[in-house]
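Counting in numbering that gives the first Met the number 0, the sequence shown runs from 0 upward without gaps.
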Amino acid sequence: MITVNSDGKIMVRRCLVTLRPFRLFVLGIGFFTLCFLMTSLGGQFSARRLGDSPFTVHTEVIGALESRVVLRKMSDLLELMVKRMDTMVRLENGSEFHRGDEGHAVDRFSPGAKLMEKIQAIAQNVSDIAVKVDQILRNSVLHSKVSEGQRDQCEVPNDPKYPDCSGKVEWMHARWTSDPCYAFFGVDGTECSFLIYLSEVEWFCPLMPWRNQTAALPAPKPLPKVQAAFRSNLSHLLELIGSGKESLIFMKKRIKQLAAHWALAAQRLEAKLKGARRDQKQILIHIGFLTEESGDVFSPRVLKGGPLGEMVQWADILAVLFVLGHNLRITVSLKELQSNLGVPPGRGSCPLTVPLPFDLIYTDYHGLQQMKQHMGLSFKKYRCRFRVIDTFGTEPAYNHEEYATLHGYRTNWGYWNFNPKQFMTMFPHTPDNSFMGFVSEELNSTEKQLIKNNKASNMAVVYGKEASIWKMQGKEKFLGILNKYMEIHGTVYYETQRPPEVPAFVKNHGLLPQQEFQQLLRKAKLFIGFGFPYEGPAPLEAIANGCIFLQSRFSPPHSSLNHEFFRGKPTSREVDPYLPYEYTCEGMLERIYAYIQHQDFCATRAPSPLVAPPQPARAPTALTPNATHLVWPYNASLGLEAWPPVHSLQGWLAETGRTCTDTCLDRGLICEPSFFNFLNTPDAFLKLNVTCDRTESEMNHLYPAFAQLGQECYLQKEPILFSCAGSNTKYRRLCPCRDFQKGQVALCQDCL
0 MITVNSDGKI MVRRCLVTLR PFRLFVLGIG FFTLCFLMTS LGGQFSARRL GDSPFTVHTE
60 VIGALESRVV LRKMSDLLEL MVKRMDTMVR LENGSEFHRG DEGHAVDRFS PGAKLMEKIQ
120 AIAQNVSDIA VKVDQILRNS VLHSKVSEGQ RDQCEVPNDP KYPDCSGKVE WMHARWTSDP
180 CYAFFGVDGT ECSFLIYLSE VEWFCPLMPW RNQTAALPAP KPLPKVQAAF RSNLSHLLEL
240 IGSGKESLIF MKKRIKQLAA HWALAAQRLE AKLKGARRDQ KQILIHIGFL TEESGDVFSP
300 RVLKGGPLGE MVQWADILAV LFVLGHNLRI TVSLKELQSN LGVPPGRGSC PLTVPLPFDL
360 IYTDYHGLQQ MKQHMGLSFK KYRCRFRVID TFGTEPAYNH EEYATLHGYR TNWGYWNFNP
420 KQFMTMFPHT PDNSFMGFVS EELNSTEKQL IKNNKASNMA VVYGKEASIW KMQGKEKFLG
480 ILNKYMEIHG TVYYETQRPP EVPAFVKNHG LLPQQEFQQL LRKAKLFIGF GFPYEGPAPL
540 EAIANGCIFL QSRFSPPHSS LNHEFFRGKP TSREVDPYLP YEYTCEGMLE RIYAYIQHQD
600 FCATRAPSPL VAPPQPARAP TALTPNATHL VWPYNASLGL EAWPPVHSLQ GWLAETGRTC
660 TDTCLDRGLI CEPSFFNFLN TPDAFLKLNV TCDRTESEMN HLYPAFAQLG QECYLQKEPI
720 LFSCAGSNTK YRRLCPCRDF QKGQVALCQD CL
């Protein structure tokens with residue numbers, strides 16, 4: 000009779016008890032193996048996808064060599080486990096077989112035996128997989144011998160057409176791990192990977208000769224042009240805008256409110272164009288100031304009296320672009336922006352992964368900064384497609400980075416080196432920028448008569464929804480005098496437990512919805528401004544509803560030179576009057592239509608704005624009979640393709656200390672900066688009977704100009720510094736002026 004030591008039986012049983020957690024361990028090994036194989040083998044097959052580079056294959060082959068070693072170790076470990084488990088199971092089976100009181104023989108279906116079989120199966124699978132990896136590696140090595148030989152021969156080319164190549168390779172050596180996007184494009188730290196990246200993803204090095212057949216695939220063919228058609232139903236636009244933010248809800252309400260006006264304006268413009276064909280544009284609209292990354296300070300304040308001017312303007316821009324029939328993509332988050340642009344993973348050092356699919360990008364300064372941060376070199380490549388919604392405007396002196404830095408014009412918002420016309424303003428501050436504007440609701444004749452009949456004889460409304468606006472020194476005294484003659488109303492936001500800090504005689508309605516605010520304006524005769532806000536839609540809405548608008552006047556006028564609010568704004572403008580016609584739906588629709596059809600900054604710009612300027616146009620100008628200014632002859636062929644049409648050009652010599660904006664306005668004209676190049680010639684001064692003892696070409700936002708002291712003439716060296724703004728008592732500026740449509744200063748008489 001065979002006896003089994005009780006201690007031995009206890010030990011074996013304890014071992015078997017520990018098999019349960021051991022099963023979990025084995026399952027974990029199996030799961031890890033599966034994931035490992037999916038990664039390793041998946042990489043082997045993905046390395047053969049069309050368009051992947053040879054160094055990607057090489058990187059993964061090296062990884063697979065290491066994977067084979069790991070697989071063999073796992074196989075050996077599992078075999079050792081099987082042997083030990085086999086010993087334990089045999090010991091347990093012998094014990095159980097001789098245990099007579101239980102009377103059950105342990106067979107192949109026992110838990111220990113089952114577990115051992117599973118471990119043996121896993122070990123066999125791992126062993127089989129290791130063999131398959133060996134086969135894959137052999138095939139990979141055979142197929143990559145040619146490219147491997149080429150990799151060993153990579154040298155930095157000495158090509159005068161690519162002077163920055165060697166410097167960029169050195170930079171990659173030191174910094175290629177600073178951004179994961181380089182690895183995303185296949186950079187692995189080798190010289191060849193640097194050169195392939197710098198020649199095929201970026202453009203600092205020439206293509207490697209042995210890469211001619213395997214270079215990146217050509218850019219996809221552009222989609223066929225689709226003709227744009229006017230839209231009157233705005234429901235799809237409301238879906239595109241989305242929800243989730245109070246600012247978006249406000250914008251959608253405004254679009255709905257003006258829907259009938261937009262439809263009527265579209266009908267009128269379509270009739271004016273008489274069926275003219277126009278291409279549908281692919282347009283990305285990124286409202287940067289509403290993104291969480293920029294702080295989105297506006298959304299939480301929409302219902303608390305915060306500023307709404309920017310959201311009013313953006314709502315109208317969205318409506319215009321949609322009504323004109325263009326294809327829109329709207330983003331208010333950085334994640335959406337990256338997805339739409341094709342931004343590679345990383346920190347934004349690399350170009351986009353695909354050609355930019357948008358013809359135009361409308362954004363603001365916040366969005367511009369975000370795109371520059373995440374688009375890498377693609378930002379410079381596609382800079383001509385940007386349209387920047389810029390509330391206060393950006394004058395050329397602040398826009399040119401080098402010039403702004405050297406002459407004290409550098410601010411937080413300027414120095415982008417764009418064509419100044421790419422900045423689109425809320426008001427027509429300076430002709431240097433494009434006037435985008437917004438809409439003030441139009442009234443029909445019946446509504447106008449109804450407003451006149453219902454006007455209260457002594458009612459005034461104060462411009463200011465935040466209590467802080469009312470706290471400025473001297474305002475209560477001013478309101479006290481006004482209250483002797485008029486009933487004063489306010490729309491100041493306040494919380495129920497905290498009444499607003501306004502004079503007791505003011506009838507405060509609290510923050511009103513837009514339509515209720517309009518009704519209040521229709522009853523009032525006077526709309527009172529405290530000087531701040533400086534600008535916004537409300538004054539125009541008041542005028543449209545029959546109110547007189549009174550705004551405080553400052554002496555000296557507030558500007559970026561003397562007031563904290565304007566400090567840092569890329570403009571030296573002082574607050575000026577405006578023309579109200581532009582703020583109708585039809586006026587804004589016409590204006591933006593003309594911009595989209597005729598403004599093409601990609602075709603007229605050099606790759607870099609700081610490259611040598613174009614040669615001045617030899618303008619066939621002729622003196623008018625009174626010999627006061629220059630005009631463009633109608634029979635001249637040069638400049639016929641320009642927009643605005645060059646035959647609207649008039650060249651005037653300003654008085655000392657006068658801006659070109661004022662010089663043109665004095666003659667009932669508008670300064671047109673796109674015409675400066677036609678006047679930027681010695682011939683223009685000669686035909687104006689200006690004697691130049693010396694002619695210089697320099698960077699200065701006041702040139703072309705004539706300095707009477709010294710009889711010196713100055714030409715502009717940098718085209719993006721052409722500016723209607725700015726003056727100096729030393730110079731008489733040479734100014735390009737044009738005509739304009741009544742109430743539509745952004746367009747000349749033949750511009751539509």
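Note that the Cβ used here is the ideal one computed from N, Cα and C, for glycine as well.
Looking at the DSSP output, D278 bridges to Q226. Counting only residues of its own chain and dropping the five nearest sequence neighbours on each side, R267 has a CB closer than 7 Å to the CB of E585.
For C349, no alpha helix (DSSP H) encloses it, and the DSSP letter there is neither H nor E.
Note on Q707: under 16 other CB atoms within 10 angstroms of its CB, so exposed under the neighbour-count rule.
Rounded to whole angstroms, the gap between the alpha carbons of C659 and I360 is 30 Å. For E711, the enclosing beta strand (DSSP E) covers residues E711 to Q715. When C-beta atoms of the region 427 to 435 are compared with those of the region 462 to 469, fewer than three pairs fall below 8 Å, so the two segments do not count as touching. For T352, the CB contacts under 6 Å within the same chain, skipping 5 residues up- and downstream, are G341 and P343 in chain order.
The C-beta distance from C736 to C670 rounds to 6 Å, short enough to fall under 8 Å.
Per DSSP, the unbroken beta strand (DSSP E) holding P735 starts and ends at Y730 to R737.
S433 is bridged by DSSP to M423. Within the same chain, Cβ atoms closer than 7 Å to the Cβ of A704 are found at Y713, Y730, R731, R732 and L733, the five residues on either side in sequence being excluded.
Per the DSSP secondary-structure output, R386 pairs in a beta bridge with Y361. Counting C-beta atoms within 10 angstroms of its own C-beta, C601 has fewer than 16 neighbours from the protein chains shown and is therefore classed as exposed. Here the alpha carbons of F526 and K474 stand approximately 15 Å from one another.
Rounded to the nearest whole angstrom, the CA to CA distance from L405 to E500 is 46 Å. Distance check between S165 and each of H488, F203 and E291 places F203 closest, using alpha-carbon atoms only.
Assigned with DSSP and collapsed to three states, M171 falls in helix. In the DSSP assignment, the residues bridged to Q649 are V630 and C736.
Counted as a single uninterrupted DSSP element, the beta strand (DSSP E) harbouring S696 occupies residues R693 to E697. Under DSSP, G528 takes part in a beta bridge, and its partners are Y462. Secondary structure of T662 (DSSP, three-state): helix.
Within the same chain, W175 come within 7 Å of G188 by CB-CB distance, once the 5 residues on both sides are set aside. I195 is classed as buried because its beta carbon has at least 16 other beta carbons within 10 Å across all chains shown. Per DSSP, reduced to three states, the secondary structure at Q748 is coil, with no helix or strand assignment.
Residue state for N676 is assigned as helix, using DSSP reduced to three classes.
Counting the other CB atoms within 10 Å of its CB gives T690 a total below 16, which places it among the exposed residues. Note on T393: 16 or more other CB atoms within 10 angstroms of its CB, so buried under the neighbour-count rule. 7 Å or more divides the Cβ of H285 from the Cβ of T390. Your pair N398 and F417 checks out as a contact, with CB atoms roughly 6 Å apart and the cut at 8 Å. For I316, the uninterrupted alpha helix (DSSP H) segment begins and ends at G308 to V322. Taken through DSSP and simplified to helix, strand or coil, G407 comes out as coil. E201 sits in coil when the DSSP states are folded into three classes, being neither helix nor strand. Listed in chain order, the non-local C-beta contacts of E400 below 6 Å within the same chain comprise Y414 and N416, local neighbours out to five positions each way being set aside. With a 10 Å radius around the Cβ and a threshold of 16 neighbouring Cβ atoms, F357 comes out buried.
For G489, the enclosing beta strand (DSSP E) begins and ends at E486 to G489.
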